[in-house]
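Heads up, our numbering is the position in the sequence shown plus 544, with the first residue counted as 1. Each residue gets a CB set at the ideal place from its N, CA and C atoms; glycine is no exception. Comments concern the structure below.
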Amino acid sequence: MFNIKNELYDAWKEKRAVGAFNIYDLETAQAVAEASKEADYPVIMQITPSAIEFAGLKQIFDIAKNEIHENGIKAAIHLDHGKDYGITKSCVDIGFDSVMIDGSKLDFEGNLALTKKVADHAHRVDVMVEGEIGVISREEGGELSGEGEMTNPDMVRDFATKSGVDILAVSVGNEHGAPKGEKLNLELLREIGLSTPVPLVMHGASGLSESDIKEAVRCGIVKLNIDTNIRKIFVDSFSIKHPGIKDPREILLGAKNEAKELIKKYIGILSGK
């Protein structure tokens, strides 16, 4: 049976990473699953609370699970940016392989306590837990949400050790929503990479160059989140590329195939193939 924690820790040793791609319907799940199958490389299908609100928890979980099974791929189902214990518990209990608890806007002690509570529950059933320290600017949909706050490398080891997280998301200039001019502080990331006892996660990777992605992986990033670029493909398919098509299924099929090729490109970068 595929174990995402083992996969990410192997990737950490081997200086490679696994892409985490957001899904919110059948077509996005198909794009991720088919890309994984064709590239012969593991993926993470991640689901946000807003996607759960849109599609329903059981419905979107079943879509992901079925696509993984039908394509015979190595993949994990992950909760992205869970903000409270309740949503993480629901995802753990229904069968998610991994959950993120994002307490980054709390103070250090509040974030630590919330993250530890989630980790204690999830680890009872071998579910991997991602935490976050430092604040990534913009919400996961790209909306402005105030200034980001860079991760303090002096706090990383203490937070990771005491909270019990398996992987840790950091803020080093990365932003959700692929804003123009997004630039990583690679010096800070290298410093964090030298001090962390757990592998690292990069959110907001849609706006990063291929060279920045590769360097981030060398610094200890093992999970790289991609959402905005996939979302843009589907939005553009409706509003720009196919104004004359009347059947939405034709548009969705084309968008799915385009998204699949983009996902395969990211897989190639992360796997080193």
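Cβ pair residue i, residue j closer than 9 Å
i    : j    : result
A700 : M746 : Looking at the sequence itself, residue 700 is Val, so the reference to Ala does not match. Not a contact, by the Cβ cut-off of 9 Å.
V643 : L623 : yes
I621 : N655 : no
P593 : G626 : yes
R560 : V716 : no
I777 : I813 : no
Residue i - DSSP class collapsed to helix/strand/coil
i    : result
F640 : coil
K557 : helix
H747 : coil
L623 : strand
D567 : This sequence places Ile at residue 567; Asp is not what is there. Three-state result, I567: coil.
G690 : Only weak support is given to the placement of G690: the predicted model assigns it a pLDDT of 46, under 50, and the value that follows is read from those uncertain coordinates. If DSSP states are grouped into helix, strand and coil, G690 belongs with coil.
I680 : coil
V742 : coil
Proximal residues to residue i (C-beta, below 7 Å), its chain only, five neighbours per side dropped
i    : result
G737 : L744, C763 and G764
Own chain residues within Cβ distance below 6 Å of residue i, not counting five before or after
i    : result
N566 : Q590 and D771
K800 : E571, Q574 and A575
I774 : A803
Nearest-angstrom beta carbon gap, residue j and residue i [assumed within contact, 8 Å]
i    : j    : result
I645 : V662 : 4 Å
I548 : M672 : 6 Å
G708 : K660 : 6 Å
Segment limits, alpha helix (DSSP H) that includes residue i
i    : result
N610 : L601 to N615
N547 : Looking at the DSSP string, N547 is not in any alpha helix (DSSP H), and its letter there is neither H nor E.
E754 : E754 to R762
Beta strand (DSSP E) segment containing residue i, residue limits
i    : result
K618 : That residue, K618, is in no beta strand (DSSP E); it is neither H nor E in DSSP.
8 Å Cβ shell around residue i - same chain, five flanking residues per side excluded
i    : result
K609 : I621 and G639
A595 : N566, I567, Y568 and I604
K602 : I638
The ligand COA heavy atom lying under 8 Å from the CB of residue i
i    : result
A799 : Ligands in the displayed structure: none, and consequently the ligand COA is not present.
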